[in-house]
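Start counting the sequence shown at 25; every next residue gets the next number (our numbering). Where is the CB? At the ideal position from N, CA and C, for every residue including glycine.
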Amino acid sequence: MTAVACHMFAPELGKLKGVEVDLDIDEGASPRFLKARPVPFALRKRLDEELDRLLANDIIEPVQYLNIELGGSTSSWSKRRRINQAARSDTYPIPRVEELFARLANGKQFSKLDLSHAYHQLVLSEKSRELVTINTHRGLFRYKRLPFGVSTAPSVFQRTMESLLAGIPGVAVYLDDLLITGESTEEHLKNLKRVLDVLREAGLRLKKDKCASLKDEVDYLGHTYTAKGLHPMEDRVEAITKAPEPTNVKGALRKMSGPVHTRVSRFLLSYRTTPQATTKQSPAELLMNRKLRIHITSVLPDVNATVEKKQFAQKIAHTTHALREFNVGDDVLVRNYARGNQWLPGKITDRTGPVSHVVNVSSEAMSTPKSSFLIIDRAETRLRERRCCPYTR
């Protein structure tokens, strides 16, 4: 790959040829001039170095005045709040992990490409440059390239990249991260060459240390992709399995709702919920808002043992394997929302349809939560999957 596209790893910033992107704002937006934010003297040298780097790479340019007729706003250094408030929403979708994985189905090996300084490789139109003028201790500068921090930048960049690589099979595009595969080595190399040719002709540059080719497994967007399917990354798994035991519900829910747990949650059988019919909130949200009264001992199972033994000890070959159905004999917790907040242990004794089951509810209170419990709603005499934190199952 390096021999084919050696100059694509050059240190200079790439520039997409023949394309200028626009930033749309509401017509009624009022411009405002903001004074430069004070910079601590200890950090001023670093700021000067960053400004010099942006100038040297033709990312920004100095301006003597601001054209306020365009309805833009002059922001202080690194602040995008004003332009984001005035920006017109861009509805171009950012693909989900499941959609990207579907495009890579039947792939045997994988190659990963990463664009260097992603957004800065797109040139802004002349009218859009006025909208992203920044005020610094060295005066006014405006961006000539698409800046980071603008709310519409991800959608603009995703649309541009998908249009550029449209028609090439076995390619997943998520902003500046590209993943290429094929059903055979020959097809893989063919797809990879087509992608590199398109990027080279477009004038884009890659980050060499983040690129890889012909790998049996590759880390991509917080997951590990292999020919057998999608797996959680080991460091994400360890972040959960080696987490300290929680001491309170609210703190536990906050800690388990971060980006690490979000990427791993698809592999947790007990991390599935739909909003409650009346409140439109999940059990985890109800706990956070203190609308669901329940003892902490009943919502804090042995998370480490549950996750390590039941979830990640087994290798998940495909994502569909993680979507476990209810089976006869499963131990469950049931609740009738019309009769209060009490959860009762039960066992599925029969299956009467795709989503309907017969549950034998025990009258005895259970002191120790068992593993593989699922939260179930009996309000409409049927079982429904819920997506909640494992602490509230």
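Provide the residue span of the alpha helix (DSSP H) that contains residue i, from first to last.
i, result
"S152", "150 to 153"
"N215", "209 to 226"
"L164", "Careful: L164 lies outside any alpha helix (DSSP H), inside the beta strand (DSSP E) at 163 to 167."
"S113", "It is not in any alpha helix (DSSP H) - S113 carries neither H nor E in the DSSP assignment."
"Y184", "In the sequence on display, residue 184 carries Thr and not Tyr. It spans 177 to 188 - the alpha helix (DSSP H) in which T184 sits, taken as one unbroken run."
"R127", "121 to 127"
For residue i, count neighbouring Cβ atoms within 10 angstroms of its own Cβ and tell me buried if that reaches 16, exposed if not.
i, result
"I118", "exposed"
"L228", "buried"
"P256", "buried"
"D200", "buried"
"H23", "Outside the modelled stretch of the chain, which goes from 25 to 417, sits residue 23, for which no answer is possible."
"S149", "exposed"
"G52", "exposed"
"T115", "exposed"
"F125", "buried"
"S113", "exposed"
"T157", "buried"
"S140", "buried"
"T209", "exposed"
"Q133", "buried"
"V288", "Bear in mind that the predicted position of V288 carries a pLDDT of just 48, short of 50, making it too unreliable to give a figure here."
Sorted by chain position, which residues of the same chain lie with C-beta nearer than 6 angstroms to residue i's C-beta, five sequence neighbours on each side aside?
i, result
"D72", "none"
"V382", "T373, D374"
"T47", "Sequence inspection shows Leu at residue 47; the Thr mentioned does not correspond to that position. Hits under 6 angstroms: S152, L155."
"H247", "L254"
"L213", "none"
"L202", "L137"
"I83", "H144, R169"
Within its chain, find whatever has a CB closer than 7 angstroms to the CB of residue i; leave out the 5 residues flanking it on each side and keep chain order.
i, result
"N130", "E207"
"E85", "F165, R166, K168"
"P193", "N215"
"D243", "M257"
"A236", "S135, K136, V242"
"K39", "Q145, V147, G227"
"G191", "none"
"G163", "P86"
"K232", "F33"
"E44", "V147, L148, S149"
Following the continuous beta strand (DSSP E) through residue i, name the residue where it begins and the one where it ends.
i, result
"D138", "133 to 138"
"R375", "368 to 375"
"V43", "Neither: V43 is in no beta strand (DSSP E) and is coded neither H nor E."
Name, in chain order, the residues that DSSP records as bridge partners for residue i.
i, result
"K231", "Paired residue(s): none; K231 is not in a bridge."
"I84", "Y167"
"L203", "K136, A196"
"Y249", "V242, L254"
"N384", "K371"
"V147", "E44, R169"
"A236", "K136"
Would you tell me roughly how many angstroms separate the C-alpha atoms of residue i and residue j, rounded to the nearest one?
i, j, result
"Y198", "R68", "35 angstroms"
"T205", "R127", "9 angstroms"
"I107", "V174", "7 angstroms"
"E211", "K239", "14 angstroms"
"F65", "R77", "19 angstroms"
"P171", "V352", "55 angstroms"
"S396", "K252", "With a pLDDT of only 34 at S396, under 50, the local geometry of the prediction cannot be trusted, and the value read off the model is given with reservation. Between S396 and K252, the C-alpha separation is close to 25 angstroms."
"S179", "P35", "26 angstroms"
"D259", "Y249", "15 angstroms"
"R61", "T176", "24 angstroms"
"V195", "A111", "31 angstroms"
"E388", "R120", "Note that E388 scores 43 on pLDDT, short of 50, meaning its location in the model is unreliable; the coordinates nonetheless yield the value given after this. Cα to Cα, E388 sits roughly 43 angstroms from R120."
"L37", "N81", "6 angstroms"
"S294", "D354", "Reliability of the predicted coordinates at S294 is poor, the pLDDT of 41 falling under 50, and the value obtained from them is presented with this limitation in mind. Cα-Cα distance, rounded: 13 angstroms."
"S187", "T160", "36 angstroms"
"L220", "E74", "30 angstroms"
"L79", "K217", "33 angstroms"
"R224", "T184", "15 angstroms"
"G42", "K234", "27 angstroms"
"S54", "Q109", "10 angstroms"
"D50", "R56", "14 angstroms"
"E123", "V222", "23 angstroms"
"L230", "L189", "15 angstroms"
"L58", "L368", "59 angstroms"
"V63", "H31", "38 angstroms"
"K339", "L245", "Low local confidence applies: a pLDDT of 40 at K339 is under 50, so the model's placement there is unreliable, and no value is given."
For residue i, which residues of its own chain have a beta-carbon under 8 angstroms away from its beta-carbon, when the five flanking residues on both sides are left out?
i, result
"F181", "A142, Y143, L146, L170, L199, D200"
Any heavy atom of the ligand ZN inside 7 angstroms of the beta-carbon of residue i?
i, result
"L71", "The ligand ZN is absent from the structure shown, which contains no ligand whatsoever."
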